[in-house]
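Engineer:
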Amino acid sequence: MASLSSRWSKPQKPGISERLNSVIKPKGALKPRIETAIKKLQMQVAKLDNMLSSLDSRNEKIFHRIVEATQQHDTHTAKTLSKELAEVRKVRRVLGNARMAIEQIELRLTTFHDLGDTVVTVMPTIGLMKNMKTSLAKFMPGADQELNNMAEMLGGLMTETFHSTDASFGTDAVMNAESEKILQEASAVAEQQSGDRFPSIPNEVSQASSQSRFM
C-alpha cells in the first residue's frame with residue numbers, strides 16, 4: 026500500500042496529529058476529498074449569504090419605518106416595529122456567527138498539514154455544526170437544514186476517507202478547545218461587522234419603551 030507521503034507530501038508535526046497518522050489508514054487519495062469538502066462548504070456559505078442579504082434588506086426597511094413613525098410621533102407603531110427589528114437582528118447575529126464559524130472551518134481544512142491534522146480539525150466541527158443547527162432551528166428553518174447538510178457532509182468525509190476512526194488519544198479536550206476557538210473567532214468578527222452595519226434604534230423609541238414599563 027502506498028504511503029501517505031505519496032498521496033500528499035507535507036511535513037509531519039509531532040503530538041496528537043502524528044499519533045493519529047500512525048493508526049488511521051487513509052482510504053484513497055486525501056487531497057481530492059478535502060478539496061471536494063471545501064467546495065461544498067463554499068456552496069453552503071453562499072446560501073447563508075443569501076439569507077443574510079435578505080435579513081439585511083429587511084432590517085433596512087423596518088428601520089426606515091421606525092424612523093418615519095418616530096418623526097410622526099407614532100409611538101405605538103415605532104415600539105411594535107422596534108421589537109420586530111430586534112428579532113430580525115437577533116436572527117441575523119445567529120446566522121452571522123454560523124457563517125463566520127463555517128469560514129473558520131473552511132480555513133482549517135484549507136491549511137491543514139497532514140492526516141492527523143484533518144482528524145483534529147474535522148471531528149470537532151461536526152459537533153459544532155450540530156450545536157449551531159439547534160440554535161438556528163428556532164429562528165430560520167432553512168438555515169438549520171443547511172448546517173445539517175454540512176455536518177452530514179463532514180461526517181461522510183471522515184467515514185469515506187478512513188478505514189477506522191476508533192482511536193482515542195485523549196483528543197476530546199483538544200477538539201473541544203478547537204471548537205471553542207472557532208466560535209470565539211467567529212463571534213468576534215460577526216459582532217464587529219454587525220456593529221458597523223446596523224444603526225441604533227432612535228432614542229425616542231428607546232425612551233418611550235423605558236417609560237412604558239413604569240406606567
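Taken in order, the sequence shown gives residues 26 to 240; the numbers are from the working numbering.
Beta carbons are placed, not taken as given, at the ideal position from N, Cα and C, and that holds for glycine.
For the alpha helix (DSSP H) containing H101, name the first residue and the last one.
Structural biologist: Run containing H101: 100 to 136, per the alpha helix (DSSP H) assignment.
Engineer: Is the number of C-beta pairs between the stretch 101 to 108 and the stretch 57 to 76 that are closer than 8 Å three or more?
Structural biologist: Short answer: they don't touch.
Engineer: Among K86, Q97, R118, K65, which residue has its Cα nearest to the Cα of L77?
Structural biologist: Closest option to L77, Cα to Cα, is R118.
Engineer: Taking the C-alpha atoms as reference points, what is the distance between M157 and M178?
Structural biologist: So the two alpha carbons sit approximately 15 Å from each other.
Engineer: Answer yes or no: do V113 and R83 have a C-beta to C-beta separation smaller than 8 Å?
Structural biologist: The answer is yes: Cβ separation under 8 Å.
Engineer: In whole angstroms, what separates the C-alpha of L172 from that of I130?
Structural biologist: Going by the C-alpha atoms only, they are around 12 Å apart.
Engineer: By the 10 Å Cβ neighbour count, where 16 or more other Cβ atoms means buried, how is M68 classified, buried or exposed?
Structural biologist: Classification for M68: exposed.
Engineer: For L73, which residues of its own chain have a beta-carbon under 8 Å away from its beta-carbon, when the five flanking residues on both sides are left out?
Structural biologist: L120, A123, R124, I127, A168, E171.
Engineer: Using the C-alpha atoms, what's the distance from K65 back to K155?
Structural biologist: Looking at the two C-alpha atoms, the distance is approximately 17 Å.
Engineer: Assign A213 to buried or exposed, taking buried as 16 or more other Cβ atoms, counted over all protein chains shown, within 10 Å of its Cβ.
Structural biologist: A213 is exposed by the Cβ-count criterion.
Engineer: Going by DSSP in three states, Q97 sits in which element: helix, strand or coil?
Structural biologist: Correct three-state label for Q97: coil.
Engineer: Would you mind sorting T95 into buried or exposed? The rule is 16 or more other CB atoms within 10 Å of its CB.
Structural biologist: When all chains shown are included, T95 counts as buried.
Engineer: Pull up the distance between the alpha-carbon of A162 and that of L153, whole angstroms please.
Structural biologist: Roughly 14 Å separates the two Cα atoms.
Engineer: Going by C-alpha distance, which of E93, T136, K86 is nearest K56?
Structural biologist: Closest option to K56, Cα to Cα, is T136.
Engineer: Once you ignore the five residues that flank T159 on each side, which residues in its own chain have a CB closer than 8 Å to its CB?
Structural biologist: So the qualifying residues of the chain are D169.
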